[in-house]
Amino acid sequence: MTKAFGYAALSATTPLVPHAFERRAPRADDVAIEILYCGVCHSDIHQARNEWGIAVYPLMPGHEIVGQVTAVGSDVSRHKIGDLVGVGCMVDSCRHCDACHSDLEQYCLEGPTMTYATPDRVDGTITMGGYSNSIVVSERFVVSVPEKLDPASAAPILCAGITTYSPLKHYGVKAGDKVGVLGMGGLGHMGIKFAKAMGAEVTVFTRSLSKLEEAKRQGADHVIVSTDEVQMKAAAGRFDFLLDTIPVQHDLNPYLETLRFDGVHILVGLIEPIEPALHAGNLVMKRRVIAGSLIGGMAETQEVLDFCAEHGITCDIEMLDIQHINEAYERMIKGDVKYRFVIDMATLRAAQAKD
Ligand code: NDP
Ligand code: ZN
């Protein structure tokens with residue numbers, strides 16, 4: 001065991017606070033990593049505040065991790081000491097079910113082990129995420145960060161990137177397709193970049209007037225203010241795909257009407273019941289599809305990092321001192337971040353040194 005340090009929520013209603021804990025000594029297939037950067041995902045807020053009802057405290061969020069390998073177990077062959085590596089939302093899965101055999105560990109039939117707030121499959125301890133100075137992860141769940149990528153802005157690719165890349169790829173988005181991206185936050189702004197790189201014509205749906213110019217700067221061809229009924233109605237029947245990153249319950253019906261026949265509305269932001277109710281006619285009358293998608297498998301996570309390196313895609317980040325994590329959460333809820341906070345873990349080390 002080694003001593004580790006980070007920021008954790010001790011309950012659903014209290015802010016994150018400094019927290020000391022222990023990381024396991026590397027097992028034969030493990031990679032030990034010194035964390036350099038960790039992105040702040042809206043899921044971290046959902047979980048820290050138990051908005052999904054599955055939190056376990058102390059809860060240490062963080063699943064957009066980039067760091068350097070400091071030790072490897074005896075069976076590790078993919079990574080060596082000094083390598084720049086990444087860890088995303090999962091740290092293990094059963095490894096033998098149909099999903100795991102199909103490189104879709106996120107859909108593991110026995111349930112993947114998430115990077116935080118999930119029991120470890122071997123020793124039952126609760127996993128602790130990347131708002132910390134170190135992490136120990138089985139090599140199958142550790143990816144290589146291409147040299148071409150800036151390590152800090154690569155961190156959000158591990159969740160925001162893969163979560164938007166995977167469904168666009170799965171549904172075969174191609175040149176000329178019309179893609180709408182709902183919500184321009186961490187996930188949404190990456191969705192714009194991927195859809196553009198795949199050749200699509202991209203429209204951003206935003207409730208934030210302040211993001212109109214920004215959306216264009218991100219590469220969007222058009223912007224629709226989602227709160228403007230006239231603009232929404234004018235878009236009827238236009239889109240092939242909608243990538244919905246909105247993190248709260250919202251009325252899907254006006255969005256569905258913007259899909260053409262056979263259009264697909266892909267949910268990634270929502271895991272709660274859909275409210276208000278869906279009007280089935282909005283699906284039936286145009287053979288439209290509502291779909292959902294969860295992150296991506298490990299092979300695809302490596303693929304998206306390589307895709308980003310090849311296409312010069314990076315995440316727009318705001319560097320964060322970990323001591324300001326609670327303010328950062330409030331700003332994210334207001335949509336006031338361009339477009340991903342990334343914790344510089346040097347600030348954690350500095351805070352620790354002071355204590
Ligand atoms: P952010 O907070 O960075 O962005 C969400 C965006 O949605 C905001 O920028 C805003 O865009 C829009 N939005 C926020 N609140 C509202 C609201 N009340 N009504 C309408 N629009 C709103 O979040 P992330 O991008 O980090 O995450 C988005 C969601 O995706 C979260 O729920 C997260 O848990 C989930 N997620 C799902 C994953 C999966 O595998 N399926 C993986 C990772 C995250 P604008 O200002 O443009 O309107
Ligand atoms: Zn995430």
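Under the UniProt record's numbering, think of the first position of the sequence shown as 1, with each following residue one higher. Backbone N, C-alpha and C define an ideal beta-carbon position, used for all residues, glycine too.
Cβ separation of A32 and D75, assumed to be a contact under 8 Å, to the nearest whole Å: Between A32 and D75, the beta carbon gap of about 14 Å keeps them out of contact (Cβ cut-off 8 Å).
Rounded Cβ spacing between R49 and A12 (contact assumed at less than 8 Å): Distance from R49 to A12 at the Cβ level is roughly 5 Å; contact confirmed, criterion being Cβ atoms closer than 8 Å.
Buried versus exposed, by CB contacts within 10 Å (16 or more), V66: Burial state of V66 is buried, judged by a 10 Å Cβ sphere holding 16 or more other Cβ atoms.
Inter-stretch contact (C-beta, 8 Å, three-pair minimum) for the segment 55–62 and the segment 110–126: Verdict: yes, contact present.
Residues with C-beta closer than 5 Å to any heavy atom of the ligand ZN, in chain order: Residue selection by CB proximity (closer than 5 Å to any heavy atom of the ligand ZN) returns C41, S43, C159 in chain order.
Per-residue burial, H101 [other beta carbons within 10 Å of its own, 16 or more giving buried]: Burial check for H101: the Cβ neighbour count within 10 Å stays below 16, so the residue is exposed.
Beta-carbon contacts of A4 that lie in its chain and below 7 Å, excluding the five residues immediately before and after: The answer, listed in chain order, is F21, E22, R23, S132, N133, S134.
Host alpha helix (DSSP H) of I162 (start-end): Going by DSSP, I162 is part of the alpha helix (DSSP H) stretching over 160–170.
Cβ separation of K211 and V202, assumed to be a contact under 8 Å, to the nearest whole Å: Contact doesn't hold; Cβ gap of about 14 Å is too wide.
DSSP-derived helix/strand/coil call for L10: Reduced to three states, the DSSP call for L10 is coil.
Where the beta strand (DSSP E) containing E330 begins and where it ends: Following the DSSP letters along the chain, one finds E330 in no beta strand (DSSP E) but inside the alpha helix (DSSP H) bounded by residues 325–333.
Best match in P254, S144, E105, K334 for proximity to G82 [C-alpha to C-alpha]: If you compare the alpha carbons of P254, S144, E105, K334 with that of G82, the shortest gap goes to S144.
Q249 - partner residues in DSSP beta bridges: BP columns for Q249 are empty, so no partner.
Residues near H170 in its chain [Cβ-Cβ closer than 8 Å; skip 5 each side]: Contacts found: S293.
Exposure label - S166; buried when at least 16 CB within 10 Å: Residue burial annotation: S166 is buried, with at least 16 other C-beta atoms found within 10 angstroms of its C-beta.
As assigned by DSSP and simplified to three states, the class of C41: In the structure shown, C41 sits in coil (DSSP, three-state: anything other than H, G, I, E or B).
Euclidean distance between Cα positions of G188 and G199: Between the alpha carbons of G188 and G199 lies a gap of roughly 17 Å.
Nonlocal neighbours in the same chain, by C-beta distance under 6 Å from A291, ignoring five residues either side: Only V264, I266 meet the Cβ criterion.
Own chain residues within Cβ distance below 8 Å of H19, not counting five before or after: Taken in chain order, the residues that qualify are F5, G6, Y7, A8, L10, P58, M60.
Burial state of D44, where buried means 16 or more other Cβ atoms lie within 10 Å: Buried is the call here.
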